[in-house]
Amino acid sequence: MLRSFAAALAALAALAAPSATLAQQSAKHQVVFQVSDNDPAKWNLALNNARNVLADLGTDNVQIEIVAYGPGLGMLKADSKVAGRLAEALDNNVGLLACENTMQNTKTTRADMYAGISYVTAGVTHLMQRQREGWAYIRP
Amino acid sequence: MLRSFAAALAALAALAAPSATLAQQSAKHQVVFQVSDNDPAKWNLALNNARNVLADLGTDNVQIEIVAYGPGLGMLKADSKVAGRLAEALDNNVGLLACENTMQNTKTTRADMYAGISYVTAGVTHLMQRQREGWAYIRP
Amino acid sequence: MLRSFAAALAALAALAAPSATLAQQSAKHQVVFQVSDNDPAKWNLALNNARNVLADLGTDNVQIEIVAYGPGLGMLKADSKVAGRLAEALDNNVGLLACENTMQNTKTTRADMYAGISYVTAGVTHLMQRQREGWAYIRP
Numbered sequence: 284m285l286r287s288f289a290a291a292l293a294a295l296a297a298l299a300a301p302s303a304t305l306a307q308q309s310a311k312h313q314v315v316f317q318v319s320d321n322d323p324a325k326w327n328l329a330l331n332n333a334r335n336v337l338a339d340l341g342t343d344n345v346q347i348e349i350v351a352y353g354p355g356l357g358m359l360k361a362d363s364k365v366a367g368r369l370a371e372a373l374d375n376n377v378g379l380l381a382c383e384n385t386m387q388n389t390k391t392t393r394a395d396m397y398a399g400i401s402y403v404t405a406g407v408t409h410l411m412q413r414q415r416e417g418w419a420y421i422r423p
Numbered sequence: 284m285l286r287s288f289a290a291a292l293a294a295l296a297a298l299a300a301p302s303a304t305l306a307q308q309s310a311k312h313q314v315v316f317q318v319s320d321n322d323p324a325k326w327n328l329a330l331n332n333a334r335n336v337l338a339d340l341g342t343d344n345v346q347i348e349i350v351a352y353g354p355g356l357g358m359l360k361a362d363s364k365v366a367g368r369l370a371e372a373l374d375n376n377v378g379l380l381a382c383e384n385t386m387q388n389t390k391t392t393r394a395d396m397y398a399g400i401s402y403v404t405a406g407v408t409h410l411m412q413r414q415r416e417g418w419a420y421i422r423p
Numbered sequence: 284m285l286r287s288f289a290a291a292l293a294a295l296a297a298l299a300a301p302s303a304t305l306a307q308q309s310a311k312h313q314v315v316f317q318v319s320d321n322d323p324a325k326w327n328l329a330l331n332n333a334r335n336v337l338a339d340l341g342t343d344n345v346q347i348e349i350v351a352y353g354p355g356l357g358m359l360k361a362d363s364k365v366a367g368r369l370a371e372a373l374d375n376n377v378g379l380l381a382c383e384n385t386m387q388n389t390k391t392t393r394a395d396m397y398a399g400i401s402y403v404t405a406g407v408t409h410l411m412q413r414q415r416e417g418w419a420y421i422r423p
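Residue numbers (the numbering used here), protein chains in the order written: chain P, 284 to 423; chain H, 284 to 423; chain Y, 284 to 423.
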């Protein structure tokens with residue numbers, strides 16, 4: 284009886300597991316920003332948004348990523364008009380992620396990109412994955 | 284045995300509790316609209332969207348908020364080009380929320396804003412919080 | 284005892300059920316794209332995004348919809364500048380959904396639309412519903 288009871292509990296726990304993944308929302312705020320416009324004003328807005336979130340929630344209480352893809356890739360290039368602000372973002376543990384699909388399609392190499400950023404295979408898929416994991420999604 | 288059984292059930296219930304929070308989605312539809320463009324066409328689109336949602340789901344079955352921040356703040360100013368439509372939105376219990384961060388950065392005071400709207404400390408953080416609470420997010 | 288044990292398990296399972304709905308996320312990736320700009324570059328971007336998601340996750344592992352409403356309705360018209368790409372999207376089981384609210388407001392009939400697409404009463408409500416069902420939301 285005790286053994287079958289334990290087995291039943293384990294089965295129930297397994298049933299509950301997927302929601303437990305979503306429940307991790309409770310611990311720390313998480314937000315992913317999408318940058319897909321070739322518009323430095325939008326790039327600045329995304330960086331302002333990230334800074335405000337850090338100030339409002341506290342750097343220890345939030346995880347932030349900015350994903351640049353499509354026409355937005357230029358934000359994370361070495362010659363970006365907001366390059367001067369990217370170092371500050373990295374210092375604040377804001378993840379800066381460039382889309383490798385977009386890079387391939389536009390003959391852009393890592394040598395063209397701002398040093399210190401990170402990469403994802405496909406920006407859109409990453410945005411989907413983060414939402415699936417319970418992250419908030421903001422498209423400035 | 285009965286006591287440990289009850290304890291195990293309580294532990295399992297606690298495990299399941301966070302998902303119960305998400306399950307509140309079932310009761311009422313909830314949607315937050317983001318307005319972050321300095322573009323009256325977008326402001327009208329957001330107001331049209333809200334009106335359509337009310338018509339489609341019924342005013343009693345949905346909770347709607349429009350958050351204006353960054354370059355979108357002008358939507359909720361007293362001299363907004365859509366000021367004539369804001370009263371109707373408020374009458375329909377559509378929450379109109381201005382970002383106080385943006386107001387500070389642009390030397391805007393409540394005296395400059397449309398009477399009757401509400402305020403949030405940071406528009407972006409509010410959008411994150413609503414998504415965390417299970418609200419849908421629409422960026423017109 | 285065994286009976287009350289089973290009843291308790293059933294009650295717990297019921298408690299866990301709403302999260303089980305959300306847990307359906309685990310099975311297949313699902314994403315809905317919003318097109319609400321009268322901008323063929325955005326239409327192409329949405330179609331590129333869909334194609335990349337299919338390539339990245341595999342056509343059998345993802346469900347994709349593109350919802351066109353408001354100023355974005357033109358994307359799905361018969362004379363759309365991306366009409367040549369819509370057939371490919373349909374072939375790949377990408378759902379193409381036009382907003383009937385927008386059609387009514389702009390005196391557009393199904394005869395004006397690209398053959399083979401589908402329709403939703405209100406684009407915005409559909410986007411809300413999909414998010415409620417656990418779909419990711421991308422606004423290119």
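Just so you know, even glycine gets a beta-carbon here, dropped at the ideal spot from N, CA and C.
Next on the checklist: Residues of the region 360 to 391 of chain H in Cβ contact with chain P at a cutoff of 8 Å, in chain order, please.
Outcome noted: 384
Checklist entry - Among H:352, H:360 and H:378, which has the Cα closest to the Cα of residue 397 (chain H)? => result H:360
Item to check | Residue span of the beta strand (DSSP E) that contains residue 348 (chain H), given as start and end | outcome: 345 to 351
Item to check | Under 8 Å between C-beta atoms of residue 364 (chain Y) and residue 323 (chain Y) | outcome: yes
Checklist entry - Does the distance from the CB of residue 385 (chain P) to the CB of residue 340 (chain Y) come in under 8 Å? => result no
Checklist entry - Starting from residue 314 (chain H) and walking both ways along the beta strand (DSSP E), at which residues does that stretch end? => result 312 to 318
Item to check | residue 348 (chain Y) versus residue 392 (chain H) - alpha carbon distance | outcome: 42 Å
Next on the checklist: Between the alpha carbons of residue 399 (chain Y) and residue 328 (chain Y), how many angstroms are there, rounded?
Outcome noted: 21 Å
Checklist entry - When the cut-off is 8 Å and only beta carbons count, does residue 401 (chain H) lie next to chain P? => result no
Item to check | Straight-line Cα distance separating residue 321 (chain H) from residue 357 (chain H) | outcome: 7 Å
Next on the checklist: So for residue 390 (chain P), helix, strand or coil by DSSP?
Outcome noted: coil
Checklist entry - What residues match up with residue 378 (chain H) in a beta bridge as DSSP calls it? => result H:348
Checklist entry - Assuming residue 350 (chain Y) and residue 317 (chain Y) make a contact with CB atoms under 8 Å, what is their CB distance in whole Å? => result 6 Å
Item to check | Proximity test, Cβ basis, 8 Å: residue 320 (chain H) and chain Y | outcome: no
Next on the checklist: Taking its Cβ as the centre, do 16 or more other Cβ atoms sit within 10 Å of residue 310 (chain P), making it buried, or is it exposed?
Outcome noted: exposed
Next on the checklist: Short of 7 Å Cβ to Cβ, which residues in the region 403 to 423 of chain P face chain Y?
Outcome noted: 404, 405, 407, 408, 410, 411, 414, 415, 420 and 422
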